[in-house]
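Novice: Protein chains in written order, with the working numbering: chain Z, 2 to 371; chain C, 34 to 232.
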Amino acid sequence: MVLRQIELQNFRLHKNTSLNFSDKLNLIVGGNGQGKTSILEAIYYLCTTKNLNLANESDVILFGEQYFDAKGIFSDLTENQTRIFFDIIKNKKNFFLDEKPIFNSSSIIGKFPIVTLIQSDHAITQGAPSERRRFIDSVISQASHTYLEMLLEFNKTLRQRSSLLLQIKESKNINLFSQLEAWTETLITTGTEIIKHRIRFVKEFNLYLHEAYNHIIESAEEPLIVYDSLAEDEEENAAERFREELASMREDELRRGINLVGPHRDDFIFSINGLELKRFGSQGQHKTFQIALRFGQFFLMEEKLGKTPIFLMDDVFGELDTYRAGKISEYLSLIGQAFITMTDLTKTEGLKINAENKLIKVSNGTAAYA
Amino acid sequence: MLIAEPLQKAIDELSKLPSIGNKTAQRLALHILKSESQTVDALVKSLIELKEKIRFCEVCFNIATEEKCEICTSPKRNRSLMCVVEDASDVIAIEKTNEYNGLYHVLGGVLNPLAGVMIDSLKIRELLLRLQGNDVKEIILALNPNSEGDATSVYLMNTLKNLNIKVSRIARGLPIGGDLEFADSATIGRAFIGRISIQ
Ligand SMILES: [Zn+2]
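1. Look up Met151 of chain Z in the DSSP assignment and say whether it is helix, strand or coil.
2. By the 10 Å Cβ neighbour count, where 16 or more other Cβ atoms means buried, how is Tyr370 of chain Z classified, buried or exposed?
3. Could you give the residue range of the alpha helix (DSSP H) that holds Phe243 of chain Z?
4. Between Glu426 of chain Z and the rest of its own chain, which residues show a CB-CB distance below 7 Å, the 5 nearest in sequence each way excluded?
5. Pull up the distance between the alpha-carbon of Glu223 of chain Z and that of Ile273 of chain Z, whole angstroms please.
6. Which chain C residues are close to Glu143 of chain Z, counting only those with a beta carbon under 8 Å from its beta carbon?
7. Check whether the stretch 180-200 of chain Z touches the stretch 236-252 of chain Z, taking contact to mean three or more Cβ pairs, one atom from each stretch, closer than 8 Å.
8. So the alpha helix (DSSP H) Leu47 of chain C belongs to, where does it begin and stop?
9. Could you list which residues in chain C have their beta carbon closer than 7 Å to that of Leu165 of chain Z, in chain order?
10. Within the same chain, show all residues whose beta-carbon is closer than 6 Å to that of Pro264 of chain Z, passing over the 5 residues directly before and after it, in chain order.
11. Nearest CA to the CA of Gly32 of chain Z: which residue from Z:Met343, Z:Ala368 and Z:Thr349?
12. Quick one: using the 10 Å Cβ neighbour count with 16 as the cut-off for buried, is Asn260 of chain Z buried or exposed?
13. So if DSSP puts Leu26 of chain Z in a beta bridge, which residue, or which two residues, is it bridged to?
14. Can you give me the C-alpha to C-alpha distance between Lys112 of chain Z and His15 of chain Z, rounded to a whole angstrom?
15. Excluding the 5 residues flanking Leu9 of chain Z on each side, which residues of the same chain have their C-beta closer than 7 Å to its C-beta?
16. Ligand 1 heavy atoms versus the CB of Cys90 of chain C: any closer than 6 Å?
17. Whole angstroms are fine: how far does the CA of Leu294 of chain Z sit from the CA of Arg135 of chain Z?
18. Only counting the same chain, and skipping five residues up and downstream in sequence, which positions put a Cβ closer than 6 Å to that of Thr53 of chain Z?
19. Are the CB atoms of Leu118 of chain Z and Met250 of chain Z nearer to each other than 7 Å?
20. So Leu83 of chain C and Val118 of chain C are supposed to be a Cβ contact under 8 Å. How far apart are they, rounded?
21. Can Asn167 of chain C be considered in contact with ligand 1, in the sense that its beta carbon sits closer than 6 Å to one or more heavy atoms?
22. Are there any heavy atoms of ligand 1 lying less than 6 Å away from the beta-carbon of Asn111 of chain C, as far as the coordinates show?
23. Is any beta-carbon of chain Z found at less than 7 Å from that of Gly141 of chain C?
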């Protein structure tokens, strides 16, 4: 799948910007705050209905204007148009697929697959476990709508159960125990499915990660993700282990009035050659791992969805050493359409800037082909 | 902008109805305003009658015109089967399938601690009382497939376990009458996860 063109109106600094894209590399070059990342932001909106950096829609509107409007034309087997329109007065985001309104963003999941490598990715390897859960959950969800639904339901069950735990804590009403048992059972049922999906996913994803990592750096480094859950990689015993763990934590849960057991507390341990990345990894290894995660995601999604995702890379080149920059340039030539922002063209010797690709210069909200 | 008070009042009342937004309420109010008096009278009368004549069956809590609903009083229904549902609209949905000929029990909701809906807010005690000394041999739990519906089903299964009555639960998965090719992928996925062994 490729994005042929976009049209932006009042989108960040872009008063009126229309661009046609190459179906290979699109290099978007410009200084900071000139409006190059907003082009990626618009592309991400058009693929997912969501903001790339979780910004508020009202912040995306050009200063002094009442709305923003972005349109994109994709071509795959057929041609599709998506459009996002936001009106400041109604404070409402409207998303259209071929001019028909889409009310539920999950209904377009997998239609316009996209993979992003952005600055905040550093949190995936360096941040809290919740960052790694969010990454893994988002990758599984993009390939499995079923997983996404179960995740939403699991979160609902968590909220209901913690509300009940809190009510028990406050009222000391033991008549509520029989209801707690029912919520616990529901938590185990959905939670176990989530654990099983994650176990299967990590097994499969490790192959893609290995492949991607070794493309970026030619050395004997072996990356690995280990899923740290209560089930310890054993799908068959997951429900039983979940039940046992809940039983042993029961007093604590009642005393504190919160959910203490389940996949919402799991972590994914990243390592290189058996050494935990978070504790022993160098800056370079972190960076390589983050990039490999995204390339791994790209090839996994391509395989699962039978569609080539769009690849976005925001300001990553500037941080790389020449060796990695060269390697990534080589790697980029293997994927389909990519959009890459950078402040200047240093370190891009490896990127073959030829007639197949497009170089777009952005300055103060105006974009021009160079 | 100033709107005549009686019109604003009608708009406000209409917009309290489920899935009626302000704009729709306004359109409805203006439509009623332009209609013939006798059309409006008929509408008002039907609403008043609805409220005066319809009540809840004292046995199963389905909607009824008498103390007991038509299903509870019908000699044709299979009295050994009972289907437990969340509310009266589910009775209508199941009746439309013409596949079920047993009795119903309407809970009037599902467990929802966040919204303060607890066991005592539902017609669960009434269900247990009803099961004492009657002919029900099988109970079918047909609650909505979401976390609240699931937790309520589990609670009922635990509670009914000792009554020596067969309890079953409708399979989670494909919508009734749905074609596999038209169901969304999540629904099909869930149907596979919730598959039932038949041997
Ligand atoms: Zn009745």
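The C-beta atom is built at its ideal place from N, Cα and C for all residues, glycine as well.
Specialist: This is what the structure gives:
1. helix
2. exposed
3. Ala239 to Arg257
4. Here chain Z covers residues 2 to 371 and nothing more, so residue 426 of chain Z does not appear.
5. Their backbone Cα atoms lie some 5 Å apart in a straight line.
6. In the sequence on display, residue 143 of chain Z carries Gln and not Glu. Result: empty, since nearest Cβ-Cβ is about 12 Å, beyond 8 Å.
7. yes
8. In the DSSP assignment, Leu47 of chain C falls within the alpha helix (DSSP H) that extends over Glu38 to Leu47.
9. Pro146
10. Gly192, Ile195 and Ile196
11. Z:Met343
12. buried
13. Z:Ala339
14. 27 Å
15. By the criterion of a C-beta distance shorter than 7 Å, Leu9 of chain Z is surrounded in its chain by His15, Thr18, Ala43 and Ala71, once the five residues flanking it on both sides are discounted.
16. yes
17. 13 Å
18. It should be pointed out that residue 53 of chain Z corresponds to Leu in this sequence rather than to Thr. Taken in chain order, the residues that qualify are Glu42 and Tyr45.
19. no
20. Their Cβ separation, rounded to whole angstroms, is 21 Å, which puts Leu83 of chain C and Val118 of chain C out of contact at 8 Å.
21. no
22. no
23. no
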